[in-house]
Structures are given as structure tokens and as C-alpha cells.
Amino acid sequence: MAANPPKPIRVWITPPGPNPWKVIWLFEELGLNYEIKSFRVDDVKKKPFININPNGRVPAIEDPNTGITLWESGAIYQYLIEVYDTEKRLSYDSLNERHLCNQWLHFQMSGQGPYYGQVSWFAHLHPEKIPSAIERYVNEVRRILGVLETVLSKKPADAQWLVGDKMTFADMAFMPWNFRLSDVLTLSWDEVWKDTPHVRAWHERMVELPSWKRSMDHRARLIDEQGL
Ligand SMILES: N[C@@H](CCC(=O)N[C@@H](CS)C(=O)NCC(=O)O)C(=O)O
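Position 100 of the sequence shown, counted from 1, bears residue number 100 in full-length UniProt numbering, the numbering being contiguous throughout.
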């Protein structure tokens with residue numbers, strides 16, 4: 001369990017994209033008191049949301065228990081872990097492990113999120129098909145999965161997590177984008193994971209968690225609510 005805030009933490013999301021689910025999954029996994037403010041992606045660059053996040057991107061949180069408003073999912077992760085993971089269920093107290101978790105979170109934020117986002121853009125949303133752009137970002141996705149594979153494959157069989165011997169927020173941060181890979185790359189899951197069996201096993205262990213399933217139930221409901 002975690003130190004549970006008496007007042008619900010509000011999280012602003014638009015349901016379809018991956019980044020909000022990173023934060024909602026952390027709420028669910030820690031069993032925190034939270035409420036979802038779901039709105040349409042068309043309104044992400046408009047008031048009232050830009051009063052919360054001037055960068056006009058989700059997720060953002062408002063925590064009435066401490067008075068903070070915060071955006072950027074990595075910063076939100078660090079805040080929630082520091083304040084509410086008091087029993088270190090998803091983190092560590094020790095210096096090296098704390099910084100290794102932060103290292104992976106930074107890699108996820110700078111390496112995984114933006115590159116996966118660019119594949120999504122160039123393969124599905126960009127009005128022109130530019131094969132060299134698609135190829136570059138697909139190669140980056142493969143490269144990032146390769147980095148994860150190298151590290152996970154060297155860990156003992158019963159401790160295949162990025163840091164130490166348990167799932168931490170560092171592992172969790174990668175899930176929502178990896179969860180989209182079959183759609184983003186337009187491949188079957190067997191094709192997605194063909195060169196990265198340890199990443200597959202790591203990912204599939206997390207997909208099975210009740211907290212992830214609850215998060216995806218919320219996602220389906222909120223997408224449905226917007227008629228998407
Ligand atoms: N670095 C940001 C990225 C957030 C992000 O790109 N969110 C997407 C949804 S998954 C968004 O708000 N897109 C709307 C837009 O770019 O206009 C984070 O990790 O919080």
C-alpha cells in the first residue's frame with residue numbers, strides 16, 4: 001500500500017493516447033485516491049486546459065493535498081513516487097537504485113516516447129507518405145527494444161526487471177507505448193517481439209497485472225464515452 005491522500009488527485013487526460021495511461025496505471029498500482037478529468041483531444045491546446053499545462057499536452061495532475069499542479073508524465077512519476085510510494089513498493093531507498101530508476105525514466109521520456117510518437121505520426125497521421133522518415137523511426141523503435149532486450153536478457157531469470165529484482169516505476173513507464181506497438185507498426189504481436197523475447201516476457205508480465213487491466217477498462221469506457 002501507499003500513503004493515501006485524503007483528497008483525490010485530479011488527472012487531466014484525453015483517452016486515446018498512451019501517455020495518460022502511464023499515470024493512471026501508477027495510481028491504480030499504488031491504490032491511490034484519484035479522479036479522472038477526461039476531455040476531447042481537440043481541446044488540448046485550449047482553455048481551461050492550457051491554464052493547467054501551457055504546453056497543451058496530457059497528462060497533467062492537480063494534487064489538492066500538496067497544492068501542486070504538474071505536467072510531463074516523467075515529472076509526475078517522480079512526484080507520485082516520492083510523495084506516495086512511502087513503502088517503496090515500486091522504488092528503492094538506496095542511492096544507486098534510485099538513480100538507475102531515474103536513468104530508465106529519462107530514457108523512456110527522451111528515447112521511447114518521442115520516437116514511438118514519430119512512427120505514429122509518419123506512418124499514420126502525416127498527409128504524405130515519406131518512406132525514409134518511417135524507416136528512420138521504425139529503426140529507432142527496434143533499436144530501443146534492442147537496448148531493453150540486452151539489459152533484461154542479462155538479468156537472473158527470476159529478476160528480469162530493469163532495476164533490482166522487482167517491478168519499479170521505471171519498468172511501468174515503458175508499458176503504455178509498448179502496448180501500442182502492434183497498432184503503431186501494423187504488425188502482429190509475434191512480429192513485434194520477434195527479436196526481443198525477454199522484452200516480450202517482461203511486457204506480458206505487466207499486461208497481466210490487475211492494475212493494468214483496470215486502467216485499460218477505464219480507457220475503453222472513456223473512449224466509448226466520447227464516441228471514438
Ligand atoms: N512528454 C509528454 C508528452 C505528452 C503527450 O505527447 N501527450 C499527447 C497524448 S498521449 C498529447 O497531449 N497530444 C496532444 C497534442 O500534441 O496536441 C509527457 O510525457 O507527458
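Just so you know, even glycine gets a beta-carbon here, dropped at the ideal spot from N, CA and C.
Query, Result
"Based on Cα-Cα distance, which residue from Arg57, Met175 and His218 lies nearest to Gln112?", "Met175"
"Considering only C-alpha positions, which residue in the set Pro6, Leu30 and Tyr115 is nearest to Tyr137?", "Tyr115"
"Comparing C-alpha positions only, which one of Pro197, Ala170 and Arg180 sits nearest to Ser91?", "Ala170"
"Could you tell me whether the region 140 to 157 touches the region 204 to 224, using the rule of 3 or more Cβ pairs below 8 Å?", "no"
"Which residues bound the alpha helix (DSSP H) around Leu80?", "Ser73 to Tyr84"
"What three-state label does DSSP hand Lys37 in the structure shown?", "strand"
"Can you list every residue whose CB sits closer than 5 Å to some heavy atom of ligand 1, going in chain order?", "Gly17, Asn19, Val44, Arg57, Val58, Glu72 and Ser73"
"Comparing C-alpha positions only, which one of Leu125, Val199 and Trp193 sits nearest to Ala157?", "Val199"
"So, under 8 Å CB-CB, Asn55 and Trp71 are touching, yes? Tell me the CB distance rounded to an integer number of Å.", "6 Å"
"Take every Cβ of the region 37 to 44, pair it with every Cβ of the region 187 to 197, and state whether three or more of those distances are shorter than 8 Å.", "no"
"Count the CB pairs spanning the region 7 to 26 and the region 49 to 63 that are closer than 8 Å, and state whether there are at least three.", "yes"
"Would you identify the three-state DSSP class for Leu30, choosing helix, strand or coil?", "helix"
"Quick one, which of Ser73, Ile50, Val119 and Phe122 has its alpha-carbon nearest Pro20's?", "Ser73"
"Enumerate in chain order the residues of its own chain whose CB-to-CB distance from Ser120 is below 7 Å, with the five nearest sequence positions on each side excluded.", "Val184"
"Check Glu204 in the structure and name its three-state DSSP category.", "helix"
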